[in-house]
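A short worksheet on the structure shown next.
Chains as they are written, first to last, in my numbering: chain A, 728 to 1025; chain B, 323 to 636; chain C, 785 to 1040.
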């Protein structure tokens, strides 16, 4: 019983974290059909920027509660700048080329960002645990859980709800949906597709950096964190169906619970479980759980 | 299409020269050349897939299967013979690809890339957590014997290089033969128009399956030879970054010839060897920038620099 | 005596949309049959059903007395039915000659044609014979993506012939070709097929072409055949005139 509760809570925590980390990836794919490997680089840049900024903030001895704002601002700044630079300066040159080629371009960008992180912040680890310790722990079903990690659940829910609402209900969402539906048609109706791409990519990049920032207080921010996260984020997004925000929620929950179950019941299969779920879903439903079916024609 | 089989006539020349060269190389260069040729084999397989527009982001799976087949057979069965180990690695990677191929052959584009990635990460996840398989540290691989002959370490490296030269020659010969055959021509035909291939009466999925198994065997052989040359295996050999390197070398090499992968691997290993020594914190950045420049300015890889004059204007 | 192709009670629906309904067709050896019908009348669906691209909801298709219903395209092609496409399906980046050569290589190759080279003497000769037969020598070394539409159509049909079919289905062989060239193209196709005793079933919108080349006509309306018989009878049928050819129908060329 205790294990079940632990699996459930840990699974939800982990799912929330996965969703925050992966949703930017799905957003960019959904609109631009770009599988953005550089997402991993944005994640680590966000984590480093946040850890560094939080460190500075606490060195000044300012009000601890403000550190959450610092966390968020640092990631938005980094994600915005890097995202804008990547889309305007790099991706733009390759639109219309082979899908796989664009993956390689973002892979190149990822390699560059990984080293950029090393150049800026060096190789030593940045601890930024203060925001997490600040919130202490909570007891659920007799087990202690980190309040900070639990808080990721409502945070993820808010991000998901906001994205779905924006896409479904607002004017910007309408433009974005028009571009998703048919790019040529949208542009012939006078929609500035280039701008929709830029905005989408920057938002996706900020989400990636934000994913890193919220992670910074619960891990030791060190070189290589982006490398691990990018494959995890792929797994989540592919399971849900590339390009579907709702799918990413389901994908995150599936992977989160599968991993939590593995960790508590059979720790040897932790990583195995995640990618086994991904393979299984791809095998049974190649387009993922939520992606719209494509039509065939002769 | 004419450029397809360019290179085979160079085969005996290039590999013969390499074999002779190996006699005068320093031990480090013998080692480096072995690794280059072995990794070139993996890339040769990717090149065959890439000609059909399929890019595997998980080819390290078969690289790892080959390497671990060698490592495990030495550790648990005491098998030391290089030829037997290589045969075992080929069999293991072929068997794995035969099974996974039933699934993968249905996928194209990004889904093919992602599913191959997922499969390779399953192997990685298994290796990392399994003590029997050496977990994160992996284990050492002792120097091999050759048909009953058990040379000392230095001599063994020379012998291994010769074996690798032979494997690379045979691999590129078979690849050239395959690419020149009707089935090999299907590689580009499938990228052009799958419907037409089906309506010529050939099952596209079978053509892709054959290609996939061939590529996997090349990767398995490469993995086995690298394991023997390095003398150590660990799960990083199957991690996605390893697959990423192979993809990088494929783009670097270009699809022009069956020899291009070896040239690509040579450039890559040379850059890596010196860059990791002199610029450990910026060498990935150098790689990334090279990759971008290649895609922009040399989409058919470095090999196209050699063939440029032959391509007449249409 | 069994017909070459015998289609019995063929139905196909996509959800609630009926694309083919109770189709009955028999084709004899060496016959030339025209299929007419408005857009969406189910002509291409019928061809797709016969060649295995689509599976029927019910009904049977027999070829030379053998049941081929719902077999995959490759098995149907092996049995002796080939097809061309409304939008030519060719290897866009390969030259005309290489398109034909690859087709010949596959046809000659068996299950795993991966050892003997494609560019061997008998295959090269065979591909050149096809170039001759369709008189596209002028375009021999051009990539297929740069060809004029008419030549691309011919290439598509030439590739369909490589498997030496006994029945050839042509999906609008003259669509996208200027009126002046249509007869020339059809003459060329029919000329290339002469002496081969290949039965041909072709979809066509131009009633002059139908009248000139088809020995028999099937008229499709809403997924079913409403009239069949010699061209002059079918084209004069009031239901056909109303649904397909339009009311005032000048029958130019029916006598040639």
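The beta-carbon is built from N, C-alpha and C at its ideal position, and this holds for glycine as well.
Identity of the residue in the options nearest residue i by Cα
i: residue 440 of chain B; options: A/1016, A/1014, A/1009; result: A/1009
i: residue 499 of chain B; options: C/898, C/889, C/865; result: C/898
i: residue 875 of chain C; options: B/336, B/351, B/507; result: B/507
i: residue 628 of chain B; options: B/585, B/601, B/600; result: B/585
i: residue 1041 of chain C; options: C/948, C/859, C/1012, C/935; result: Lying outside 785 to 1040, the shown extent of chain C, residue 1041 of chain C is not represented and no answer is given.
i: residue 967 of chain A; options: A/955, A/1005, A/954; result: A/1005
i: residue 926 of chain A; options: A/808, A/994, A/861, A/940; result: A/808
i: residue 887 of chain C; options: C/869, C/908, C/870; result: C/908
i: residue 388 of chain B; options: B/431, B/370, B/537, B/511; result: B/537
i: residue 792 of chain C; options: C/845, C/999, C/903, C/1021; result: C/845
i: residue 432 of chain B; options: B/551, B/398, B/376, B/566; result: B/376
i: residue 521 of chain B; options: C/920, C/1016, C/949; result: C/949
i: residue 342 of chain B; options: B/570, B/487, B/361, B/600; result: B/487
i: residue 904 of chain C; options: B/504, B/442, B/422; result: B/504
Extent of the continuous alpha helix (DSSP H) to which residue i belongs
i: residue 832 of chain C; result: 827–834
i: residue 1003 of chain A; result: 997–1011
i: residue 967 of chain A; result: 952–967
i: residue 983 of chain A; result: 972–992
i: residue 567 of chain B; result: 562–575
i: residue 906 of chain A; result: 898–908
i: residue 987 of chain C; result: Counting along the chain, residue 987 of chain C falls outside any alpha helix (DSSP H), though it belongs to the beta strand (DSSP E) covering 983–987.
i: residue 913 of chain C; result: 905–917
i: residue 819 of chain A; result: Per DSSP, residue 819 of chain A belongs to no alpha helix (DSSP H) and is neither H nor E.
i: residue 444 of chain B; result: 431–451
Other residues of its chain near residue i: CB distance less than 7 Å, five sequence neighbours each side excluded
i: residue 987 of chain A; result: 734, 737, 738, 741
i: residue 779 of chain A; result: 848, 853
i: residue 787 of chain C; result: 810, 811, 812
i: residue 835 of chain C; result: 857, 860, 865, 867, 953
i: residue 554 of chain B; result: 460, 462, 463
i: residue 485 of chain B; result: 404
i: residue 836 of chain A; result: 765, 768, 813, 817
i: residue 923 of chain C; result: 880, 931, 935
i: residue 963 of chain A; result: 745, 749, 975, 978, 979, 982
i: residue 626 of chain B; result: 576, 578, 620
Proximity test, Cβ basis, 8 Å: residue i and chain F
i: residue 884 of chain C; result: The chain labelled as chain F is not found among the protein chains of the depicted structure, namely A, B and C.
Beta bridge counterpart(s) of residue i as assigned by DSSP
i: residue 1004 of chain C; result: C/821, C/1009
i: residue 348 of chain B; result: Looking at the DSSP assignment, residue 348 of chain B forms no beta bridge with any residue, so it has no partner.
i: residue 414 of chain B; result: Beta-bridge pairing links residue 414 of chain B to no other residue.
i: residue 865 of chain C; result: C/951
i: residue 948 of chain A; result: A/853
i: residue 471 of chain B; result: B/468
i: residue 554 of chain B; result: B/462
i: residue 879 of chain C; result: C/927
i: residue 850 of chain C; result: C/847
Opening and closing residue of the beta strand (DSSP E) in which residue i lies
i: residue 810 of chain A; result: First-last for residue 810 of chain A: 794–816, but that is the alpha helix (DSSP H), not the beta strand (DSSP E).
i: residue 866 of chain A; result: 864–867
i: residue 791 of chain C; result: 789–798
i: residue 872 of chain A; result: 870–873
i: residue 809 of chain C; result: 801–811
i: residue 847 of chain C; result: 842–847
Proximal residues to residue i (C-beta, below 6 Å), its chain only, five neighbours per side dropped
i: residue 516 of chain B; result: 526
i: residue 1033 of chain C; result: Because the pLDDT at residue 1033 of chain C is just 46, under 50, the model does not fix this residue reliably, and the point stays unresolved.
i: residue 790 of chain C; result: 810, 846
i: residue 323 of chain B; result: Its pLDDT being 37, under 50, residue 323 of chain B is placed unreliably by the model, and the measurement read from it follows with that caveat. Cβ neighbours of residue 323 of chain B beyond the five flanking positions: none.
i: residue 829 of chain A; result: 761, 821
i: residue 590 of chain B; result: 571
Beta-carbon contacts of residue i that lie in its chain and below 8 Å, excluding the five residues immediately before and after
i: residue 785 of chain A; result: 791, 794, 857
i: residue 850 of chain C; result: 863
i: residue 444 of chain B; result: none
Got a sec: which bits of the segment 931–959 of chain C sit with their beta carbon under 8 Å from any beta carbon on chain B, in order along the chain? Listed in chain order, the positions of the segment 931–959 of chain C with a beta carbon within less than 8 Å of a beta carbon of chain B are 943, 944, 946, 947.
Report the residues of the segment 837–859 of chain C with a CB closer than 7 Å to any CB of chain B, ordered along the chain. From the segment 837–859 of chain C, only 857, 858 have a Cβ closer than 7 Å to chain B.
Cβ-based contacts, 7 Å cut-off: residues of the segment 865–879 of chain C near chain B: Contact residues of the segment 865–879 of chain C toward chain B are 867, 873, 874, 875, 876, 877, 878 (C-beta to C-beta distance below 7 Å).
Scan the segment 427–450 of chain B for residues whose Cβ lies nearer than 8 Å to a Cβ of chain A and list them as they occur along the chain. Within the segment 427–450 of chain B, the residues whose Cβ lies closer than 8 Å to some Cβ of chain A are 428, 429, 431, 432, 433, 435, 436, 437, 439, 440, 441, 443, 444, 446, 447, 448, 450, listed in chain order.
Between the segment 832–851 of chain A and chain B, which residues of the former have a C-beta closer than 9 Å to a C-beta of the latter? Within the segment 832–851 of chain A, the residues whose Cβ lies closer than 9 Å to some Cβ of chain B are 832, 834, 835, 836, 837, 838, 839, 840, 841, 842, 843, 845, 846, 849, 850, listed in chain order.
For the segment 449–475 of chain B, list every residue whose C-beta sits within 7 Å of some C-beta in chain A, in sequence order. For the segment 449–475 of chain B, the set of residues with a beta-carbon nearer than 7 Å to any beta-carbon of chain A comprises 450, 451, 452, in chain order.
If you measure beta-carbon to beta-carbon, which residues of the segment 892–919 of chain C are closer than 9 Å to chain B? Hits within the stretch, in order: 892, 893, 895, 896, 897, 898, 899, 900, 901, 902, 903, 907.
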